[in-house]
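Asks: Okay, here's the structure, questions in a sec.
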Amino acid sequence: MNTSVNLAGINMKNPVTVASGTFGYGREFAEFIDLNKIGGICTKGTSLKPRSGNKPPRVYETPAGMLNSIGLQNPGVEYFMENDLPFLKKFDTKIIVNACGSSIDEYVELAKVLNTLDIDGVELNLSCPNVKAGCMAFGTTYEGVKEVTSKVRKVLDKPLIVKLTPNVTNIVDPAKGAEDAGADGVSLINTLLGMSIDIHKRRPHLANNMGGLSGPAIKPVAVRMVYQVAQNVKIPILGLGGIVSGEDAIEFILAGATAISVGTGNFIAPDTCIKVVNGIEEYMKKYNIEDINNIIGTVQMN
Amino acid sequence: MKVNIKAKIIKKEKLKDDIYKFEVQAKEIVNSAQAGQFIEIRVLDNIQPLLRRPISIYNINKERGTLEFIFQVKGKGTNILAKREIGEELDIIGPLGYGTFEVKDYEKVAIIGGGIGIFPLYELSKELKNNTTTKINMYLGFRNKEYVLLEEEFKNVSDKLIITTDDGTYKIKGFAIDELKKDIEKEKIDKIFACGPLPMLKAVQDLAKEKNIQCEISLEEKMACGLGVCLGCAVKTASSSKEAPQYWHVCKAGPVFNANDVEI
Ligand SMILES: Cc1cc2nc3c(=O)[nH]c(=O)nc-3n(C[C@H](O)[C@H](O)[C@H](O)COP(=O)(O)O)c2cc1C
Numbered sequence: 014m015n016t017s018v019n020l021a022g023i024n025m026k027n028p029v030t031v032a033s034g035t036f037g038y039g040r041e042f043a044e045f046i047d048l049n050k051i052g053g054i055c056t057k058g059t060s061l062k063p064r065s066g067n068k069p070p071r072v073y074e075t076p077a078g079m080l081n082s083i084g085l086q087n088p089g090v091e092y093f094m095e096n097d098l099p100f101l102k103k104f105d106t107k108i109i110v111n112a113c114g115s116s117i118d119e120y121v122e123l124a125k126v127l128n129t130l131d132i133d134g135v136e137l138n139l140s141c142p143n144v145k146a147g148c149m150a151f152g153t154t155y156e157g158v159k160e161v162t163s164k165v166r167k168v169l170d171k172p173l174i175v176k177l178t179p180n181v182t183n184i185v186d187p188a189k190g191a192e193d194a195g196a197d198g199v200s201l202i203n204t205l206l207g208m209s210i211d212i213h214k215r216r217p218h219l220a221n222n223m224g225g226l227s228g229p230a231i232k233p234v235a236v237r238m239v240y241q242v243a244q245n246v247k248i249p250i251l252g253l254g255g256i257v258s259g260e261d262a263i264e265f266i267l268a269g270a271t272a273i274s275v276g277t278g279n280f281i282a283p284d285t286c287i288k289v290v291n292g293i294e295e296y297m298k299k300y301n302i303e304d305i306n307n308i309i310g311t312v313q314m315n
Numbered sequence: 005m006k007v008n009i010k011a012k013i014i015k016k017e018k019l020k021d022d023i024y025k026f027e028v029q030a031k032e033i034v035n036s037a038q039a040g041q042f043i044e045i046r047v048l049d050n051i052q053p054l055l056r057r058p059i060s061i062y063n064i065n066k067e068r069g070t071l072e073f074i075f076q077v078k079g080k081g082t083n084i085l086a087k088r089e090i091g092e093e094l095d096i097i098g099p100l101g102y103g104t105f106e107v108k109d110y111e112k113v114a115i116i117g118g119g120i121g122i123f124p125l126y127e128l129s130k131e132l133k134n135n136t137t138t139k140i141n142m143y144l145g146f147r148n149k150e151y152v153l154l155e156e157e158f159k160n161v162s163d164k165l166i167i168t169t170d171d172g173t174y175k176i177k178g179f180a181i182d183e184l185k186k187d188i189e190k191e192k193i194d195k196i197f198a199c200g201p202l203p204m205l206k207a208v209q210d211l212a213k214e215k216n217i218q219c220e221i222s223l224e225e226k227m228a229c230g231l232g233v234c235l236g237c238a239v240k241t242a243s244s245s246k247e248a249p250q251y252w253h254v255c256k257a258g259p260v261f262n263a264n265d266v267e268i
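Given below as structure tokens:
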């Protein structure tokens, strides 16, 4: 049975990665699970300089999901290089650095640094809904995505995956922007912009008012978008949004994802990603699937 | 070391209409748990409610390999938790938090708590009483007589126990902090420990600063992972400015903080 896949030039032992912002830089989860068992780790969104994030409260639970407005708090790429990368290198899993910036120049400067590091790929975050400048500001149009991606592409030799926001009318537009700019893959979806109100105080629950919705609640939206993108672009897809089981992962793969990420599922139980790996294998056994690659994008529409 | 275990419920007590005490078998957690730490409970093996509930440890029972926690029914999660029964297994991660109460020999300490915040102070006081030479003054504030809970237990782990009720239906009428203020004028207190509602913690913080007394406070903030990765449970550092705020996280630097380190 073969579970290994090639995502945008990254050879992974299985299609399961963990999503940016839900796994830190791996350290906390290494206390609970064997990181060697997962295909890859998408790191916390990392910027050129440290960022302190938004005011609390930053998280709020919603039906089968949660809102967050962390605001990309991270220690910056230099700290990552010195402290987290050496730790991650000890494991046999692919390291994909989620990169974020507030301006095109910042994305390019960051990509130059990342290009010198011993990492397996870069996930360009053009989709965080929780920061004022940058990120989602570039991610919602064909032109915006194309512009940032092509400038980053010029300085980055490593596999480049562009992470897309679902907060658009047509998800195919930004996906095409990434493809036309020379990206090796796209990942989707980031969180859906949402809001929840404390009716007693008559104020939003989050200090930032709005935040990104994640978790099982968003899974059908994510599966639909992965399908639409798969129908319209040729580069491979890293699919995510609400995955907590092997069955969930298979849905994304059938819709057209080459690999998947477990995000909010990591908060439910520290070993969710391992359960997803096992669940995929069980499905393959049950249906006599020799190679996971054989079922990518094979959903038969009614 | 943090572990994720299935912990059998061996005792369940309804302390009040909306307040429950559970005792669970949790040898692996108890082995390394410290006063001030918390656990994260998945109330059901389900995606609804999605997140675990962080709950403070009330009592670490090393000999029996059990731990006790007390919670108030506030929303969906705690409502379901309250319906879990003896014999069932609870999915628990713990012990969590790196900032713990500092248990060592002091001359005399003041432990002050209010409402549901009194419970994490029990383990602290018990450890100070059993393992150190510290004299312990304890100040507990409750809404009314109805809500005065576990008075005997707290009495057994302190040298002087002062109870206040907001409405005066039991013992002293008023706030616990006012009783602490009076005593600080007469007695030499070399450390304050506090847990409870925000206004009380702020008052304690101010008092400790004014009197130049070391002070540790236990904080809460909305939390998702409890492990230090989601960065949800942020608390502003005292040293950072309003314009360029910096944050600690309750599940990582806390839940117990040096009162001078945080702005609440
Ligand atoms: C607390 C939290 C922090 C996140 N931080 C990032 C981030 O730094 N960069 C990023 O690209 N996505 C971030 N995300 C989005 C996730 O990576 C993922 O795209 C989204 O949550 C949907 O997947 P899920 O439903 O499996 O969580 C974050 C999500 C959560 C819940």
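In order, the protein sequences belong to chains A and B.
Once you know that position 188 of the first sequence is 201 in the working numbering, the rest is easy, because the numbers rise by one and skip nothing.
Once you know that position 150 of the second sequence is 154 in the working numbering, the rest is easy, because the numbers rise by one and skip nothing.
Every residue gets a Cβ at the ideal spot worked out from N, C-alpha and C, and that includes glycine.
Is the separation between the beta-carbon of VAL289 (chain A) and that of GLY259 (chain A) shorter than 7 Å?
Replies: Yes.
Asks: Which residues, taken in chain order from the region 25 to 49 of chain A, show a beta carbon closer than 8 Å to some beta carbon of chain B?
Replies: Hits within the stretch, in order: GLY34, THR35, PHE36, GLY37, GLU41, PHE42, GLU44 and PHE45.
Asks: Within its chain, find whatever has a CB closer than 6 Å to the CB of THR16 (chain A); leave out the 5 residues flanking it on each side and keep chain order.
Replies: Cβ neighbours of THR16 (chain A) beyond the five flanking positions: ASN27 and ILE305.
Asks: Distance cutoff 7 Å, beta carbons only. Does ILE221 (chain B) sit that close to anything in chain E?
Replies: In the structure shown, chain E does not exist; the protein chains are A and B.
Asks: Looking at the structure shown, is GLY103 (chain B) part of a helix, part of a strand, or coil, going by DSSP?
Replies: Three-state result, GLY103 (chain B): strand.
Asks: Please return the same chain residues whose Cβ sits closer than 8 Å to the Cβ of PRO69 (chain A), not counting the five positions on each side in sequence.
Replies: The answer, listed in chain order, is ALA220.
Asks: Which residue marks the beginning of the beta strand (DSSP E) containing SER330 (chain A), and which one marks its end?
Replies: The structure shown does not extend to residue 330 (chain A), since chain A is modelled only from 14 through 315, so no value can be given for it.
Asks: Could you say which of B:LEU19, B:ARG46, B:GLY69 and B:GLU17 lies nearest to GLN29 (chain B) if we only look at CA atoms?
Replies: Ranking B:LEU19, B:ARG46, B:GLY69 and B:GLU17 by Cα distance to GLN29 (chain B) puts B:GLY69 first.
Asks: Is any heavy atom of ligand 1 found at a distance shorter than 6 Å from the C-beta of ILE250 (chain A)?
Replies: For ligand 1, not one heavy atom lies less than 6 Å from the Cβ of ILE250 (chain A).
Asks: Tell me whether the beta-carbon of GLY152 (chain A) lies closer than 7 Å to the beta-carbon of PRO179 (chain A).
Replies: No, these two residues do not count as a Cβ contact at 7 Å.
Asks: State the Cα-Cα distance for the pair LYS10 (chain B) and GLU32 (chain B), rounded to the nearest angstrom.
Replies: Answer to the nearest angstrom: the Cα atoms are 10 Å apart.
Asks: Would you check if the region 249 to 258 of chain B and the region 92 to 112 of chain B touch, i.e. whether three or more CB-CB distances between them fall below 8 Å?
Replies: Yes, since at least three Cβ pairs between the region 92 to 112 of chain B and the region 249 to 258 of chain B fall closer than 8 Å, the two stretches touch.
Asks: Determine the direct distance from the alpha carbon of GLY157 (chain A) to that of GLY81 (chain B), and round the result to whole angstroms.
Replies: If you take the alpha carbons of GLY81 (chain B) and GLY157 (chain A), they lie about 42 Å apart.
Asks: Check the Cβ-Cβ distances between PHE93 (chain A) and every residue of chain B, and say whether any is below 7 Å.
Replies: Not closer than 7 Å to any Cβ of chain B, the Cβ of PHE93 (chain A) fails to qualify, so no.
Asks: Please list, in chain order, all residues of the same chain as ILE256 (chain A) whose beta carbon is under 8 Å from its beta carbon, the five residues on each side excluded.
Replies: Counting only Cβ-Cβ distances below 8 Å, and skipping sequence neighbours, we find LYS232, ALA262, PHE265, ILE273, SER274, VAL275, GLY276, GLY278 and VAL289.
Asks: Can you tell me the Cβ-Cβ gap for PRO172 (chain A) and GLY52 (chain A), rounded? I've got them flagged as a contact below 8 Å.
Replies: Not really, about 13 Å apart at Cβ, beyond 8 Å.
Asks: Within 8 Å, do at least three Cβ pairs link the region 15 to 28 of chain B to the region 76 to 91 of chain B?
Replies: Enough Cβ pairs lie closer than 8 Å, so yes.
Asks: With ALA238 (chain B) and GLY66 (chain A) assumed to form a contact (beta carbons below 8 Å), what rounded beta-carbon distance in angstroms separates them?
Replies: Sure, about 6 Å apart at Cβ, within 8 Å.
Asks: Following a CB-centred definition, is LEU55 (chain B) positioned closer than 6 Å to any heavy atom of ligand 1?
Replies: No, the Cβ of LEU55 (chain B) stays beyond 6 Å of every heavy atom of ligand 1.
Asks: Any idea what DSSP makes of GLY118 (chain B), helix, strand or coil?
Replies: Strand.
Asks: Return yes when the Cβ of PRO229 (chain A) is within less than 7 Å of the Cβ of ILE51 (chain B), no when it is not.
Replies: In contact: ILE51 (chain B) and PRO229 (chain A) (Cβ atoms closer than 7 Å).
Asks: Under three-state DSSP, which class holds THR106 (chain A)?
Replies: DSSP places THR106 (chain A) in coil when its eight states are reduced to three.
Asks: Report, in whole angstroms, the separation of the C-beta atoms of LEU177 (chain A) and GLU122 (chain A), which I expect to be a contact under 8 Å.
Replies: Rounded, the Cβ-Cβ distance is 22 Å, inconsistent with contact.
Asks: Tell me whether TYR251 (chain B) sits in a helix, a strand or coil according to DSSP, three-state version.
Replies: If DSSP states are grouped into helix, strand and coil, TYR251 (chain B) belongs with the strands.
Asks: At a threshold of 6 Å, does SER83 (chain A) count as lining ligand 1 (C-beta to nearest heavy atom)?
Replies: Position check: residue 83 (chain A) holds Ile in this sequence, whereas Ser was assumed. Yes, the beta carbon of ILE83 (chain A) sits closer than 6 Å to at least one heavy atom of ligand 1.
Asks: Hey, could you find the ends of the beta strand (DSSP E) ASN27 (chain A) is sitting in?
Replies: Where ASN27 (chain A) is concerned, there is no enclosing beta strand (DSSP E), given that its DSSP letter is neither H nor E.
Asks: Can you pull the chain A neighbours of ARG46 (chain B), defined as C-beta to C-beta under 8 Å?
Replies: Correct list: ILE281 and ALA282.
Asks: For a cutoff of 7 Å on Cβ pairs, would you count ASN83 (chain B) as touching chain A?
Replies: No, no contact with chain A.
Asks: Is the Cβ of ILE83 (chain A) closer than 7 Å to any Cβ of chain B?
Replies: Cβ-Cβ to chain B under 7 Å: yes for ILE83 (chain A).
Asks: What does the alpha-carbon distance come out to for the pair GLU67 (chain B) and SER227 (chain A)?
Replies: GLU67 (chain B) and SER227 (chain A): Cα-Cα distance of roughly 42 Å.
Asks: Starting from the N-terminal side, write out each stretch of the alpha helix (DSSP H) that is 4 residues or longer and does not extend beyond the region 96 to 145 of chain A.
Replies: 98 to 101 and 117 to 128, all fully within the region 96 to 145 of chain A.
Asks: Report the neighbours of VAL90 (chain A) on chain B: residues whose CB is nearer than 8 Å to its CB, in chain order.
Replies: By Cβ distance, chain B contributes nothing, its closest Cβ being about 17 Å from VAL90 (chain A), past 8 Å.
Asks: Between ALA39 (chain B) and GLU127 (chain B), is the Cβ-Cβ spacing less than 7 Å?
Replies: Cβ distance < 7 Å, so ALA39 (chain B) and GLU127 (chain B) count as in contact.
Asks: Just tell me which of B:VAL266, B:GLU183 and B:ILE64 has its CA closest to the CA of ALA37 (chain B).
Replies: Nearest of B:VAL266, B:GLU183 and B:ILE64 to ALA37 (chain B), Cα basis: B:ILE64.
Asks: Going along the region 211 to 243 of chain B in order, which residues come within less than 9 Å of chain A, judged by CB to CB distance?
Replies: Here the close residues are GLU225, LYS226, MET227, ALA228, CYS229, GLY230, LEU231, GLY232, VAL233, CYS234, LEU235, GLY236, CYS237, ALA238, VAL239 and LYS240.
Asks: Cβ of SER65 (chain A) less than 7 Å from any chain B Cβ?
Replies: SER65 (chain A) counts as touching chain B.
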